[in-house]
Amino acid sequence: MLEIKSIEPNQVRDNCLKERMERASSGISSEYIALMNNIEVGFISLVFWPTNTTAFIYEIYVLHNYRRKGVGEKLLTFAEDKAAQSHRNPIKLEPNNFDRTITKEKLISWYEKHGYKKDNTSNEYWIKSLF
Numbered sequence: 252m253l254e255i256k257s258i259e260p261n262q263v264r265d266n267c268l269k270e271r272m273e274r275a276s277s278g279i280s281s282e283y284i285a286l287m288n289n290i291e292v293g294f295i296s297l298v299f300w301p302t303n304t305t306a307f308i309y310e311i312y313v314l315h316n317y318r319r320k321g322v323g324e325k326l327l328t329f330a331e332d333k334a335a336q337s338h339r340n341p342i343k344l345e346p347n348n349f350d351r352t353i354t355k356e357k358l359i360s361w362y363e364k365h366g367y368k369k370d371n372t373s374n375e376y377w378i379k380s381l382f
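Numbering-wise, the sequence shown is residues 252 to 382 according to this note's numbering.
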């Protein structure tokens, strides 16, 4: 069973996740950890800017051994639900393959499969309307 909960980077036990989360964390971001059977398996960093209604996914990361098990998809859905509940629309992201084991093309394809489209105002961002 997968559980997602709010967490501070200094509370993360897994060194890889902790390091990535510390880099992703900013004064306006919220970090959430994915736990599978109480084991840390991934995280998401989500930003709600105070000056507009756009939500921004800064990073989604899943440990290698837990990929292709639906963890990334659950984190993405979690972020979209959080944004919609907070009346944030649209949700936006910049597909960056911080982890070089995944090509940028594959990452973009994954986001497009989940309803994200290239933002026509910028070549760097992908966007999804939530409502």
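Even for Gly, the Cβ is constructed at its ideal location relative to N, Cα and C.
Taking the Cβ atom as the reference point for each residue, do residue i and residue j lie within a distance shorter than 8 Å?
i	j	result
Ala306	Ala275	no
Lys364	Trp377	no
Ile284	Phe294	yes
Gly323	Ile311	yes
Phe329	Ile255	yes
Leu253	Met287	yes
Leu381	Glu331	yes
Arg339	Thr304	yes
Arg379	Gly366	Note on residue identity: the sequence assigns Lys, not Arg, to residue 379. Contact: yes.
Taking the continuous alpha helix (DSSP H) assigned at residue i, which residues delimit it?
i	result
Val322	322-336
Trp377	Taken as a continuous stretch (DSSP letters only), Trp377 belongs to no alpha helix (DSSP H), being part of the beta strand (DSSP E) at 377-379.
Met287	Counting along the chain, Met287 falls outside any alpha helix (DSSP H), though it belongs to the beta strand (DSSP E) covering 280-287.
Ile359	355-364
Excluding the 5 residues flanking residue i on each side, which residues of the same chain have their C-beta closer than 8 Å to its C-beta?
i	result
Thr354	Asn348
Ser337	Phe299, Ala306
Gly321	Leu253
Can you tell me the Cα-Cα spacing of residue i and residue j, whole angstroms?
i	j	result
Asn279	Tyr309	For the record, residue 279 in the displayed sequence is Ile; it is not Asn. Taking the straight line from one Cα to the other gives about 11 Å.
Asn289	Leu297	22 Å
Ser264	Leu344	Position check: residue 264 holds Arg in this sequence, whereas Ser was assumed. Near 27 Å, if we compare the C-alpha coordinates of Leu344 and Arg264.
Ile359	Pro346	6 Å
Asn261	Asn316	22 Å
Asn374	Tyr362	15 Å
In terms of DSSP beta bridges, what is residue i paired with?
i	result
Glu270	DSSP output for Glu270 lists no bridge partner at all.
Tyr312	Phe294
Ala306	Phe299, Ile342
Ends of the beta strand (DSSP E) at residue i?
i	result
Glu254	253-257
Below 7 Å CB to CB, which residues in the same chain sit around residue i once its five sequence neighbours on both sides are set aside?
i	result
Glu291	Val263, Arg264, Asp265, Leu268, Ile284
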